[in-house]
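**Q** My questions will all concern the structure given below.
In this note's numbering, the protein residues as written are 595 to 1276.
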């Protein structure tokens, strides 16, 4: 057994290198009190552990066969591939006081989000400097984060995966890289990725010379080439850190200027594909070790030889939720010993997609939306947990096929906002690919729509930027807290969860997305969407399906899958799903869509993932003057007090049905005062 040493706050610690060929070493780099040592009732104080986990993967192991290009990564004398990842653990100081459950928060582009979404924690969530309402701590969870994205660049406490580069017998592997860029304001330079947090694959010498740049206003428009002498690609190189590659920054310069709203598509030859599929393995192997190892250096032991963890749940927001869906699909919920990794998962605002997580030149940050990124390999068959037939390829497959075979399927709560149905192919997660029938829902799966919400939780008062309407202010986080409690009770105690609440074809609450079918009222000054995100079946080349090699850029579409959206009531609010009091007793219309304004370009295309808020008129005279068909506030509620009473009744019903916790219901009722301004002068 080898040993390593390091110093923490003046204390010399020795931790042995483990020898199981999976997690090789866990280095605790820093240990500090959480939230200034605050005690969370009977659970006591919490502490933060900052660590680095080193792994070794065997390319020949059956559990690793799905990892693209693992066999092409550098190996040691035992033919193992080494890599490491940043780790953060937030745990009770006294593990015996915890609830015995790991809540693994799949970081989103390196960001820790669990405290923001469950604890309402303010500030920089990555610094873990605020407990917020203390929800997760009061329930005794041990929260774990681990880096899984290799394109993330160092900084701002972001979680990173330090993965090797694949080569062909030590020779560079090259391939076509494609990226789309849209700006909302005039500029002459744009990062090829969203910002300087994300690196890009380095262009080859040929790639710099022969790169192709086109522009078009909308996805379906013809691509117009921009002459090579009218633009320049700047490469800001990065050095290796401990033998792992930091991807360079790429900036695209157009001296004549980018036009707002236009889609600029860059295709170039790149080199050095990172073995990104190890992101699945790092999550699998870390959690498997933390929950099962009695090694004395496992920080989650209650005492020597006694495991402090009995269950593990995974939570993922947006990209992270898609990662969880793909994690299941590719068979990683079984560890190398065939044991279940996660007992329950909660993909949230993930829609029907998966992601660019495990193929050659994978770029996890990219997704598919209506105006940008339409043809990245993210939203692709299969979409449903049960098996379905792809109408384009004839393939029969489902997300749970692998875990059913290994008897490792977890309990699943898939929770989506209304925006996923417009921007993220949400309906395909629970219909057939042709959008003609509801899919069968396995016994271990529940679906919940947070009615009337946008992708990210909203805030009051509503704001407006590039959108035609103020953005949706609905804060759906109270629903997530109630559902986590229900998921825990289902998993730990066998108590049936609250019934699925989501739009369905058989109840006529999931319908075609045109306005007449949706039933959305015709409102003065409001334009209903004439576009929606519809995922396509794309041909990425003959080697993509089995080898993960993209050879056709841009990919060729052979058709689109049919998406549907929630039907609305006469006010334009979703009729199905979990209707928070703001939706059940509304002061306006809350949507899962918003449209780009003229100044941002591409007018009337969807604003990615944003919703709208369209308030009711205060009086009957006011609404009749503008032609608004929705009842005014004075016609709905005689007084503000009546509104509050009805709001309270709606909240109490959600508590009774287990979609809302009593503490959150009381807070929502107390916060009704903020809506009083809408009634002033009524």
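C-beta atoms are modelled at their ideal positions from N, C-alpha and C, and glycine is treated no differently.
Given that a residue counts as buried once 16 or more other Cβ atoms are within 10 Å of its Cβ, and exposed if not, what is residue 1028?
**A** That one is exposed.
**Q** To which residues of the same chain is residue 710 closer than 7 Å at the C-beta, ignoring the five residues directly before and after it?
**A** Here the set comprises 719.
**Q** From the DSSP output, read off the bridge partner residues of residue 702.
**A** 705, per the DSSP bridge assignment.
**Q** Taking only the alpha-carbon atoms, compute the straight-line gap between residue 614 and residue 671 and give it to the nearest angstrom.
**A** With a pLDDT of only 43 at residue 614, under the threshold of 50, the placement of this residue in the model should not be trusted; the figure read from the coordinates follows. Cα to Cα, residue 614 sits roughly 15 Å from residue 671.
**Q** When the distance is taken between beta carbons, is residue 1081 closer than 8 Å to residue 1170?
**A** No.
**Q** Just to confirm the assignment, what range does the alpha helix (DSSP H) spanning residue 960 have?
**A** Run containing residue 960: none; DSSP gives neither H nor E here.
**Q** Does DSSP put residue 605 in a helix, in a strand, or in coil?
**A** With a pLDDT of 35 at residue 605, under the threshold of 50, the modelled position of that residue is not reliable, and the figure given next carries that caveat. Looking at residue 605 - three-state DSSP - the assignment turns out to be strand.
**Q** Taking contact to mean at least 3 C-beta pairs separated by less than 8 Å, is the stretch 640-653 in contact with the stretch 617-630?
**A** Yes: at least three Cβ pairs fall under 8 Å.
**Q** Can you tell me whether DSSP reads residue 687 as helix, strand or coil?
**A** DSSP places residue 687 in coil when its eight states are reduced to three.
**Q** State the Cα-Cα distance for the pair residue 799 and residue 762, rounded to the nearest angstrom.
**A** Cα-Cα distance, rounded: 18 Å.
**Q** At which residue ranges does the stretch 1096-1138 contain complete alpha helix (DSSP H) runs of 4 or more residues, listed in the order of the chain?
**A** You should have 1109-1112.
**Q** How should residue 915 be labelled, buried or exposed, when 16 other C-beta atoms within 10 angstroms of its C-beta is the threshold for buried?
**A** With 16 or more Cβ atoms within 10 Å of its Cβ, residue 915 is classed as buried.
**Q** In whole angstroms, give me the CA-to-CA distance for residue 1140 and residue 986.
**A** Using only the alpha carbons, I get a separation of about 17 Å.
**Q** Let's see if you can read the secondary structure: which residues bound the beta strand (DSSP E) around residue 1242?
**A** Segment 1234-1250 is the alpha helix (DSSP H) holding residue 1242; no beta strand (DSSP E) there.
**Q** Quick one: what's got a C-beta closer than 7 Å to residue 751's C-beta in the same chain, skipping five residues either side?
**A** 720, 721, listed in sequence order.
**Q** Quick one: what does DSSP say residue 816 is sitting in, helix, strand or coil?
**A** Looking at residue 816 - three-state DSSP - the assignment turns out to be coil, as it is neither helix nor strand.
**Q** Just list the residues that DSSP pairs residue 1058 with in beta bridges.
**A** DSSP, once it has assigned bridges, lists no residue as partnering residue 1058.
**Q** Classify residue 626 as helix, strand or coil using the three-state DSSP reduction.
**A** In this structure, residue 626 counts as strand in the three-state DSSP scheme.
**Q** In angstroms, rounded to a whole number, what distance separates the CA positions of residue 955 and residue 867?
**A** If I take the Cα positions, the gap works out to 5 Å.
**Q** Apart from the five residues on each side of it in sequence, which residues of its chain come closer than 8 Å, Cβ to Cβ, to residue 1264?
**A** Once the five neighbours on either side are set aside, residue 1264 has no close Cβ partner at all.
**Q** Of the residues 657, 1101, 971, 1103, which one's Cα is nearest the Cα of residue 875?
**A** Of the candidates 657, 1101, 971, 1103, the one whose C-alpha sits nearest the C-alpha of residue 875 is 657.
**Q** Would a C-beta distance cut-off of 8 Å place residue 966 and residue 774 closer than the cut-off?
**A** Their beta carbons are under 8 Å apart, which means residue 966 touches residue 774 by this criterion.
**Q** Which residues does DSSP pair with residue 940 in a beta bridge?
**A** The partner list for residue 940 (beta bridge, DSSP) reads 909.
**Q** Is residue 1042 buried or exposed, if buried means 16 or more other CB atoms sit within 10 Å of its CB?
**A** Under this definition residue 1042 is a buried residue.
**Q** DSSP on residue 731, reduced to helix/strand/coil?
**A** Note: residue 731 maps to helix in three-state DSSP.
**Q** Do the stretch 844-861 and the stretch 1181-1199 meet, that is, are 3 or more Cβ pairs less than 8 Å apart?
**A** Verdict: yes, contact present.
**Q** Using the C-alpha atoms, what's the distance from residue 1093 back to residue 784?
**A** Rounded to the nearest angstrom, the two C-alpha atoms are 46 Å apart.
**Q** Can you look up residue 661 in the DSSP assignment and give me helix, strand or coil?
**A** Coil, per DSSP.
**Q** Take residue 673 and list the residues in its own chain whose beta-carbon comes closer than 8 Å to its own, dropping the five residues that flank it on each side.
**A** Result list for residue 673: 652, 653, 654, in chain order.
**Q** Could you please give the first and the last residue of the uninterrupted beta strand (DSSP E) stretch that includes residue 1080?
**A** Premise fails: residue 1080 lies in the alpha helix (DSSP H), 1071-1087, not in any beta strand (DSSP E).
**Q** Under the three-state reduction of DSSP, which class applies to residue 613: helix, strand or coil?
**A** Low confidence applies here, because residue 613 scores a pLDDT of 41, under 50, leaving its location unreliable; read the following figure in that light. In this structure, residue 613 counts as coil in the three-state DSSP scheme.
**Q** Report the option in 1031, 1199, 946, 1205 whose CA atom is closest to the CA atom of residue 1130.
**A** The option with the nearest alpha carbon to residue 1130 is 946.
**Q** Using a Cβ-Cβ cutoff of less than 6 Å, which residues in the same chain neighbour residue 1259 once the five nearest sequence positions on both sides are dropped?
**A** Result list for residue 1259: 1245, 1249, in chain order.
**Q** Which residues in the same chain as residue 1199 place their Cβ atom closer than 8 Å to its Cβ, once the five residues preceding and following it in sequence are excluded?
**A** Cβ neighbours of residue 1199 beyond the five flanking positions: 812, 855, 964, 965, 1125, 1189, 1190.
**Q** According to DSSP, which residues form a beta bridge with residue 1260?
**A** According to DSSP, which records beta bridges pairwise, residue 1260 is partnered with nothing at all.
**Q** Would DSSP call residue 899 helix, strand or coil?
**A** DSSP places residue 899 in coil when its eight states are reduced to three.
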